[in-house]
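**Q** Residue numbers (the numbering used here): 96 to 698. The beta carbon of each residue, even a glycine, is placed where N, CA and C say it ideally should be. The model shown is predicted, which means the values in this text are computed figures rather than measured ones.
#1: Residue 493: which of 479, 460, 506 sits nearest, CA to CA?
#2: Thinking just about the alpha-carbon of each residue, which of 274, 285, 322 is nearest to the one in residue 309?
#3: Can you list, in chain order, the residues of its chain whose CB lies under 7 Å from that of residue 678, leaving out five sequence neighbours each side?
#4: Ends of the alpha helix (DSSP H) at residue 448?
#5: So what does DSSP say about residue 357, is it helix, strand or coil?
#6: Could you pull out every residue in the same chain whose Cβ sits closer than 8 Å to the Cβ of residue 267, ignoring the five residues on either side in sequence?
#7: Does the Cβ-Cβ distance between residue 575 and residue 601 come in under 8 Å?
#8: Taking 8 Å as the cut-off, does the segment 417-426 touch the segment 380-388 (at least 3 CB pairs, one atom from each stretch)?
#9: Is residue 629 helix, strand or coil by DSSP?
#10: Counting C-beta neighbours from all protein chains within 10 Å, is the total for residue 485 16 or more, i.e. buried, or is it exposed?
#11: What number of angstroms, rounded off, separates the C-alpha of residue 331 from the C-alpha of residue 425?
#12: Should residue 431 and residue 481 be called a contact, given that it needs their Cβ atoms to be closer than 8 Å?
#13: Which same chain residues end up closer than 6 Å to residue 194 when comparing Cβ atoms and leaving out the 5 residues on each side of it in sequence?
#14: Looking only at its chain, what residues have a beta carbon closer than 6 Å to the beta carbon of residue 181, apart from the 5 residues adjacent to it on each side?
#15: Which residues in the same chain have their Cβ closer than 8 Å to the Cβ of residue 466, if we skip the five residues on either side of it in sequence?
#16: Please look up how many angstroms separate the CB atoms of residue 270 and residue 286, rounded, as I've assumed it's under 8 Å.
#17: Kindly list the residues whose CB is nearer than 8 Å to the CB of residue 334, restricted to its own chain and excluding five residues on each side of it in sequence; keep chain order.
#18: Quick check: what's the CA-CA separation for residue 312 versus residue 250?
#19: To the nearest angstrom, how far is the alpha carbon of residue 36 from that of residue 672?
#20: Pull up the CB-CB distance for residue 261 and residue 288, whole angstroms please, since I reckon it's below 8 Å.
#21: Note down the Cα distance separating residue 316 from residue 491, rounded to an integer number of angstroms.
#22: Between the alpha carbons of residue 282 and residue 405, how many angstroms are there, rounded?
#23: In angstroms, rounded to a whole number, what distance separates the CA positions of residue 381 and residue 498?
#24: Which residues in the same chain as residue 257 place their Cβ atom closer than 6 Å to its Cβ, once the five residues preceding and following it in sequence are excluded?
#25: On the criterion of 16 or more Cβ atoms from any shown chain inside 10 Å, does residue 375 qualify as buried, or is it exposed?
#26: Taking residue 544 as part of the alpha helix (DSSP H), name the residues at either end of that continuous run.
#27: Once DSSP output is grouped into helix, strand and coil, what is the label at residue 208?
#28: Considering only residues of the segment 624-677, which uninterrupted beta strand (DSSP E) runs meet the minimum length of 3 residues and lie entirely inside it, listed in chain order?
#29: Roughly how many angstroms separate the alpha carbons of residue 584 and residue 620, rounded to a whole number?
#30: Could you give the first and the last residue of the continuous alpha helix (DSSP H) run that contains residue 700?
#31: Just to confirm the assignment, what range does the alpha helix (DSSP H) spanning residue 469 have?
#32: Among residues of its own chain, excluding the 5 on either side of residue 345, which ones have a beta-carbon nearer than 6 Å to its beta-carbon?
#33: Which same chain residues end up closer than 8 Å to residue 635 when comparing Cβ atoms and leaving out the 5 residues on each side of it in sequence?
#34: What three-state label does DSSP hand residue 682 in the structure shown?
#35: Is DSSP giving residue 294 helix, strand or coil here?
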């Protein structure tokens, strides 16, 4: 029997053995694998162990390739590695199915093969294979990191398809994913699928943060209260940190003190992370004395705690005391970092603060931190706020290397000071140096050009991106808003259509832009497209659309919008219902207004 025949015999008899085949006989193994996948009747087609083989082989041989490539291409990769790579120790083969290959899937993700890993999972799904929560968790973490709405939604779909919606860990990460992407309603949906007894403290804290970070901090505190009253879980550090963030976001000193009291009842007042959150909350609620008391009561203070207190002194413009704290923390054998100095420099926000800013700069230079790029960015921003171009240039030109944050600070600074020509020059220099991650620097720049009616420069910047620079969604949204304001709707739509995966903020910008200029029918078409692509409209979009219906000629449009609302979670929203009633009244349909008023009274 030849090696190939032996491999085929083993692969038919035992799915697990395919992993060994791939490691021992890489070239023939891949040929067998592709033959199996092409044969619809083969016993191993769609078997999770068969997939484990090629993934394990790639990991074992350290070949940076993609198992979805053509077989000849992979074999070529193998031949190159075979001649150059040192022998590696064979890892233990895990026979527990898809979850057993989670390490390999993690490697795919970490090596930058996220899209390829998603393709593999998609093929597994189509072939009817089980996809475990561990695999989805692994990929969902990368979707969060990338803010990849399209792939994240696909992972959510797979979660539903494989009956994993009630999985606590998956739901928690889905909540975090939708929070990162700005989708509160979807985060609430993921939260609702987990039964209360199965919820972890991480699920509760993720939902509190979702509300507070997406503009609904009061509801975040309601979730906190719900956990205290209904859950058998004891609140831990992360829950209290999330609740304190909600208090700081509102800001509400009374709510913050209530949460603080609860923390003391649970004997967590000396927890370092909770201590930092308390300092931040009291600072944002305007109570310096309470923030200082929290700091002084902490038995252990790491650099994060010191930075939080320095930020508090800075917030209250107590710069000399903040600088003294820097000296004290060094006596505690801690080294200040860019966050330390960034916090102090934020205190200098007006031209009259320039001398204080220069004093801080001298202190930073004495400690030899002025060439740290993160600190340099903070210095440039400080000089910009104080209106000192000379200081900005001095810091900038002292740097031998400049990262994207430094460029962003310079461009934003020039824009803030109204130096448009210098800003354009900075943009050109930046593109010549091929700096990365600078998209967001163009947001203040575009707004400044718009305020100055400098449309030629706006189009110049837009053309730069069309010429090959990847257009960040934040820049795209800014361009859409600018073009809509000045009624360049075809330009706004051209920018909008550049994105295959459109964020909720992008949909909001273009729909509201159209409705504000009386293009209700066009906005309605966009709303239908939005729904077809699986994105749910926000309250703001619906309210804006309803407000455009002002007379009997707009009644048909208003009724169409109303029909969409009836199929959404907004159908019982008091503000939306009132807006519907007002719309019917403006359009002269009294019965519609009365019926809506009746629904509101019964809600």
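**A** The answer reads as follows:
#1: 460
#2: 274
#3: 641, 644, 653
#4: Note, residue 448: premise wrong, no alpha helix (DSSP H); not H, not E.
#5: helix
#6: 295, 297, 298, 301
#7: yes
#8: no
#9: coil
#10: exposed
#11: 31 Å
#12: no
#13: In this prediction, residue 194 scores a pLDDT of 44, lower than 50, which makes its location untrustworthy; the coordinate-derived value is nonetheless stated afterwards. Contacts found: 227, 229.
#14: At residue 181, the pLDDT of 37 sits below 50, so the modelled position is not reliable; the number obtained from the coordinates is stated separately. Counting only Cβ-Cβ distances below 6 Å, and skipping sequence neighbours, we find nothing.
#15: 493, 494, 495
#16: 6 Å
#17: 296, 299, 300, 303, 319, 322
#18: 27 Å
#19: This structure cannot speak to residue 36, because the chain is shown only from 96 to 698.
#20: 6 Å
#21: 44 Å
#22: 35 Å
#23: 35 Å
#24: 226
#25: buried
#26: 537-546
#27: coil
#28: none
#29: 14 Å
#30: It is not possible to answer for residue 700, since the shown part of the chain is limited to 96 through 698.
#31: 468-480
#32: 312
#33: 603, 607
#34: coil
#35: coil
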